[in-house]
Each structure stands twice: as C-alpha cells, then as structure tokens.
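Visitor: Reading the sequence shown from the start, the letters are residues 125 to 562 in the numbering used here.
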Amino acid sequence: MTNTQPQAGPLTQARASRGLGRAGAIGLQIGLLLATVAIFDTVAFYTLSDDMEAALPGYREGYYVPDFFGRGYPKDYYVANADRGFDIAPTDTPRTDQWHYLDDVDVRYQMWSNNLGCFDTPHPNPAANYIYFAGDSVTWGYAPFETKFGTIFEKETGIETFKCGVTHSGTRHEFSKFLEIGQKVGRWPAKVAVFYSPTDVANDYLHPHSTVVDHGLADKARLDIDNNVVHLDESWFEMIRERIKTAKAGEKGLNHILLQYSFTTQLVNAGLYWLKDTLPWVASYIPTIGDQPFLHWADKYEVYKDQKTYDLHRLTYLGTNAGIYEYKDFPQADPNKKVIAEWKQHADQNRYELVFFLLPAGQAFFEPDGNSKVDFYGELKVYLDSLGIRYVDLGEQLRERKISPEAIFWPDNSHFSIDGNIIVGEMLPEFLLDSTSR
Numbered sequence: 125m126t127n128t129q130p131q132a133g134p135l136t137q138a139r140a141s142r143g144l145g146r147a148g149a150i151g152l153q154i155g156l157l158l159a160t161v162a163i164f165d166t167v168a169f170y171t172l173s174d175d176m177e178a179a180l181p182g183y184r185e186g187y188y189v190p191d192f193f194g195r196g197y198p199k200d201y202y203v204a205n206a207d208r209g210f211d212i213a214p215t216d217t218p219r220t221d222q223w224h225y226l227d228d229v230d231v232r233y234q235m236w237s238n239n240l241g242c243f244d245t246p247h248p249n250p251a252a253n254y255i256y257f258a259g260d261s262v263t264w265g266y267a268p269f270e271t272k273f274g275t276i277f278e279k280e281t282g283i284e285t286f287k288c289g290v291t292h293s294g295t296r297h298e299f300s301k302f303l304e305i306g307q308k309v310g311r312w313p314a315k316v317a318v319f320y321s322p323t324d325v326a327n328d329y330l331h332p333h334s335t336v337v338d339h340g341l342a343d344k345a346r347l348d349i350d351n352n353v354v355h356l357d358e359s360w361f362e363m364i365r366e367r368i369k370t371a372k373a374g375e376k377g378l379n380h381i382l383l384q385y386s387f388t389t390q391l392v393n394a395g396l397y398w399l400k401d402t403l404p405w406v407a408s409y410i411p412t413i414g415d416q417p418f419l420h421w422a423d424k425y426e427v428y429k430d431q432k433t434y435d436l437h438r439l440t441y442l443g444t445n446a447g448i449y450e451y452k453d454f455p456q457a458d459p460n461k462k463v464i465a466e467w468k469q470h471a472d473q474n475r476y477e478l479v480f481f482l483l484p485a486g487q488a489f490f491e492p493d494g495n496s497k498v499d500f501y502g503e504l505k506v507y508l509d510s511l512g513i514r515y516v517d518l519g520e521q522l523r524e525r526k527i528s529p530e531a532i533f534w535p536d537n538s539h540f541s542i543d544g545n546i547i548v549g550e551m552l553p554e555f556l557l558d559s560t561s562r
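1) Would you grab the beta carbon distance between residue 322 and residue 449 for me? Rounded to a whole angstrom, and I think it's under 8 Å.
2) Just to confirm the assignment: which complete beta strand (DSSP E) runs, minimum length 3, are found wholly within the segment 287-362?
3) Leaving out the 5 sequence neighbours to the left and right, which residues in its chain are closer than 8 Å to residue 247 when beta-carbon positions are compared?
4) From the DSSP output, read off the bridge partner residues of residue 440.
5) Within 10 angstroms of the Cβ of residue 291, are there 16 or more other Cβ atoms? Answer buried if so, exposed if not.
6) Which runs of the beta strand (DSSP E) spanning at least 3 residues fall entirely within the segment 142-219, listed in chain order?
7) Does the beta-carbon of residue 575 have 16 or more other beta-carbons within 10 angstroms, so that it is buried, or is it exposed?
8) According to DSSP, is residue 469 part of a helix, a strand, or is it coil?
9) Taking only runs of the beta strand (DSSP E) that begin and end inside the segment 495-544, which ones reach a length of at least 3 residues, in chain order?
10) What residues in its chain sit with their C-beta under 8 Å from that of residue 492, if we drop five residues either side in the sequence?
11) Below 8 Å on the Cβ atoms is my guess for residue 195 versus residue 341; work out the distance and round it to an integer in Å.
12) Which of the three DSSP states is assigned to residue 407 in this structure?
13) Would you list the one or two residues that DSSP bridges to residue 232?
14) Distance, Cα to Cα, residue 305 vs residue 436?
15) What do you reckon, are the CB atoms on residue 397 and residue 416 nearer than 7 Å?
16) Does the Cβ of residue 223 have 16 or more other Cβ atoms within 10 Å, making it buried, or fewer, making it exposed?
17) Output the boundary residues of the alpha helix (DSSP H) element that contains residue 389.
18) If I follow the unbroken alpha helix (DSSP H) through residue 279, where does it start and stop?
19) Cα separation between residue 434 and residue 351?
20) Identify whether residue 477 lies in helix, strand or coil by the three-state DSSP scheme.
21) Are three or more beta carbon pairs between the segment 526-546 and the segment 224-235 nearer than 8 Å?
22) Suppose the cutoff is 7 Å on Cβ atoms and the five residues either side in sequence are ignored; what does the same chain contact list for residue 205 look like?
23) Would you say residue 273 and residue 548 are within 7 Å of each other, going by their C-beta atoms?
24) Excluding five sequence neighbours on each side, which residues of the same chain lie with their C-beta closer than 6 Å to the C-beta of residue 199?
25) Can you give the Cα-Cα distance for residue 358 and residue 527, rounded to whole angstroms?
26) Please list, in chain order, all residues of the same chain as residue 557 whose beta carbon is under 7 Å from its beta carbon, the five residues on each side excluded.
27) For the beta strand (DSSP E) holding residue 257, just list the boundary residues, first then last.
28) With distances taken Cα to Cα, identify the nearest neighbour of residue 387 among 146, 147, 152 and 160.
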C-alpha cells in the first residue's frame with residue numbers, strides 16, 4: 125500500500141501566497157518606517173538649534189544627573205553650619221588642591237578659603253578702616269582671585285578689603301556671616317558693601333536652604349507648585365544617591381543612547397510625560413525615560429513624596445519674568461525686607477556705613493537691554509530709601525558708560541566674566557571712597 129501526502133489545493137496555495145505577501149508588505153513597511161525615522165533623527169541631530177537641544181534632557185551631550193551633592197564645587201570646600209545651613213570651611217592654611225571649573229567657557233582657577241571662611245587672603249591684623257564685601261557667587265568669584273572685583277578694588281585703593289561672598293547665599297546668610305566675622309576680628313569695618321542679587325529674595329525665603337551632604341553642598345529645601353517651602357529629609361538624599369548609581373550603571377545603555385541620538389525618542393518621551401500629567405491615576409503604569417522634555421528651566425521638577433518640587437531659583441524667575449524686580453507686594457520678599465532693616469539698624473548702632481550695590485540681573489533671569497529705560501530695581505529702591513540706605517544701581521551705571529551685558533557676563537550666565545570683574549572693580553572706588561578715606 126502506497127502512502128500519499130495530501131496535495132494543497134489551489135485555494136490553500138492562494139491563501140499561503142497572500143499570507144507571505146502580507147508578511148512581506150508588513151516587513152517592507154516596517155523597514156521603510158525605521159529608515160524614515162533614522163533619516164529624520166540624523167537630520168535632526170545635525171540641524172536642530174541649541175535652544176531646542178537645551179529643551180531635551182540628554183540630547184546630543186548625553187544624559188546626566190544634576191550635581192545635587194556639590195553644585196559644581198570641590199568636595200569639602202563647604203561645611204555644615206548650625207545657623208546658616210552651610211558656609212565655606214575656614215582653613216588656617218589655605219589649600220592649594222581645589223579648583224573651580226567653568227566648563228562652558230573652558231576656564232578653571234584655583235580656589236581656597238582663609239581662616240574666616242572667605243575666598244580671600246588672610247587678615248591677621250585688620251586696619252581700622254577696612255571694608256567688608258558681602259554677596260553671593262558673583263561676589264565670591266567665578267573668576268581667578270587676582271581678577272575678582274574685590275581684589276581689583278583693593279589694588280586700586282590700597283584699602284584692606286574683606287572679600288567674603290558665599291555662593292548660593294542670600295542677605296540673611298550674608299548678615300549672619302558678617303556678624304560672626306566681625307566678632308572674631310574684634311572690630312566692625314568702616315564700610316560694608318552688600319552686593320545684592322535678584323536671587324536674594326528666594327534665598328532668604330527658604331533660608332537656611334542648604335547643607336553639606338556626602339562632602340558636597342546640597343539643598344535641603346525646595347518649593348512646591350504654590351511656592352510653599354518643602355523641607356527634604358534623608359529619604360530625599362537616599363533617592364538621589366540611588367538615581368546617581370542607576371545613571372552610572374546605565375551610562376552606555378540603550379535608553380541613554382536613544383535619548384542622546386534620537387529626536388524621535390525625545391518626542392515619544394514628551395508624549396508619555398503628557399499622558400502622565402493628563403491621566404495621573406494611571407501615571408505609574410506609563411513608562412518614561414529620563415527627565416521630561418520641553419520644560420522651561422523654571423518648570424523643571426523632581427518628584428518628592430508624590431508631589432512635584434522645584435529649585436529655589438524658580439521663585440527668582442517668577443519675581444523677575446515681567447522685566448522688573450517685584451518686591452513691594454511680592455509675598456515671599458518679607459524675610460528679605462526684615463533682614464535688610466536689621467542690618468541697617470546694626471550699622472547705625474555700630475557706626476559703619478552700609479551701602480547696597482544692586483547687581484545687574486544677568487542673562488539667566490532677565491535679559492538685560494542696553495536701551496531699556498525700565499527701572500528694574502525700582503520697588504527695592506523705594507524700600508531702601510525708606511530705611512535711609514545708600515545704594516548704587518550697577519546696571520544703570522554700566523548703561524550710562526555704554527558697557528554692554530556681553531562685556532560683563534560670561535556667555536549665557538549671570539556671573540561676571542574676568543573682564544566684567546575688572547570693569548566693576550575699577551568702578552567701585554568712585555562709590556566707596558570719599559575725602560576721608562582716600
């Protein structure tokens with residue numbers, strides 16, 4: 125008996141042929157789609173603007189976790205402080221192994237601290253007419269020591285100058301540090317120059333907002349969407365440590381590669397984040413990669429205990445984005461108003477002159493306009509006048525001298541460049557010297 129295999133009929137063969145045809149068509153469509161995406165991503169990678177790149181976390185430059193423990197400064201430069209949260213660590217012998225890097229402009233310079241916790245030379249026997257400079261990172265440095273405006277002023281005048289700016293500080297931090305140093309020195313200065321920044325209201329509202337964690341400067345307070353202060357506990361720092369660990373482990377993983385090279389991935393990621401915001405009840409089931417794209421810097425957030433939290437500088441943006449420094453009725457300005465009044469009272473009681481230098485806003489917050497007639501600090505000036513505090517609007521002085529913002533600031537930055545420090549340092553004697561101090 126012969127076994128025979130059943131032969132496929134014409135209908136079966138036609139169905140098989142159609143199935144293979146559909147599979148081939150689908151394969152071709154997938155191939156065309158992938159090729160289209162690859163071409164699109166390649167063109168986008170080389171043609172998208174720098175502004176678009178900045179809106180896409182990890183694109184082109186590669187994904188990274190922000191420096192939550194350090195803020196770009198060497199480890200052990202800062203120390204925890206019971207009153208101020210943090211401060212520069214005093215050293216009897218200034219260190220020579222710490223450097224500050226400005227990556228965007230390829231500049232680095234040596235940094236140190238003296239025995240008072242200032243980026244300055246020692247002051248073993250201060251002169252009776254010494255002058256004290258207080259301020260934030262603009263006063264602290266962002267330029268080599270020999271070109272800081274405080275150093276330039278001291279060289280120009282021969283007057284001993286305490287250069288005691290502290291990065292990431294506000295007026296409350298600065299006044300507290302000044303009182304401590306004055307008590308250590310044993311006498312108050314002849315004059316105090318406070319270099320006031322548009323960030324001072326935010327810093328004072330959250331004060332003390334930072335401490336030292338894992339040998340680096342770290343915020344311990346953030347804002348919620350309604351600008352209430354959110355205090356961070358150890359669970360926050362553990363979360364950040366885990367994020368850093370995960371990011372390093374997946375540094376060359378597929379997700380980071382897609383974020384870096386694929387604009388399509390960034391667009392899909394943006395859509396998934398939109399779904400999370402639109403459908404919060406299913407947000408935990410929607411996968412995303414990295415941080416949310418297309419956010420203005422002031423809207424970038426970190427989720428902490430199931431709520432979005434924001435960096436303190438969001439408050440600075442909200443108080444300046446109209447092109448003026450909102451102060452009179454700005455609810456978060458009250459702590460700043462209070463400490464300025466306290467400083468004026470202390471100056472009157474101890475017979476030293478208090479002068480406020482109002483720093484130009486800088487390109488990170490309110491874009492300066494050389495032709496602008498707007499009095500950016502108008503509301504603050506009214507308050508200083510009410511207290512009898514002398515002030516100098518450095519932005520106005522620079523405009524009167526026809527000095528452009530580009531000549532003063534590092535590119536896309538709110539800190540003075542080397543040239544900017546020198547220009548300002550050479551201007552200061554005009555406002556701080558008089559017939560008795562020359």
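The C-beta atom is built at its ideal place from N, Cα and C for all residues, glycine as well.
Guide: Considering the structure as presented:
1) 6 Å
2) 315-320, 334-337, 340-343, 345-347 and 353-355
3) Cβ neighbours of residue 247 beyond the five flanking positions: 238, 240, 254, 284, 286 and 309.
4) Bridge partners of residue 440: none, in fact.
5) buried
6) 202-205 and 209-212
7) Lying before the first or after the last residue shown, residue 575 is absent from the chain, which here runs from 125 to 562.
8) helix
9) 514-517
10) Because residue 492 sits at a pLDDT of 46, beneath the cut-off of 50, its placement in the model cannot be relied upon, and the point is left open.
11) 5 Å
12) Correct three-state label for residue 407: helix.
13) 225
14) Roughly 27 Å between the two C-alpha positions.
15) yes
16) exposed
17) Start and end: 387-402.
18) 273-281
19) Straight through space, the alpha carbons of residue 351 and residue 434 are spaced by roughly 9 Å.
20) strand
21) yes
22) 211
23) yes
24) 339 and 340
25) 47 Å
26) 281
27) 255-259
28) The candidate whose alpha carbon is nearest that of residue 387 is 160.
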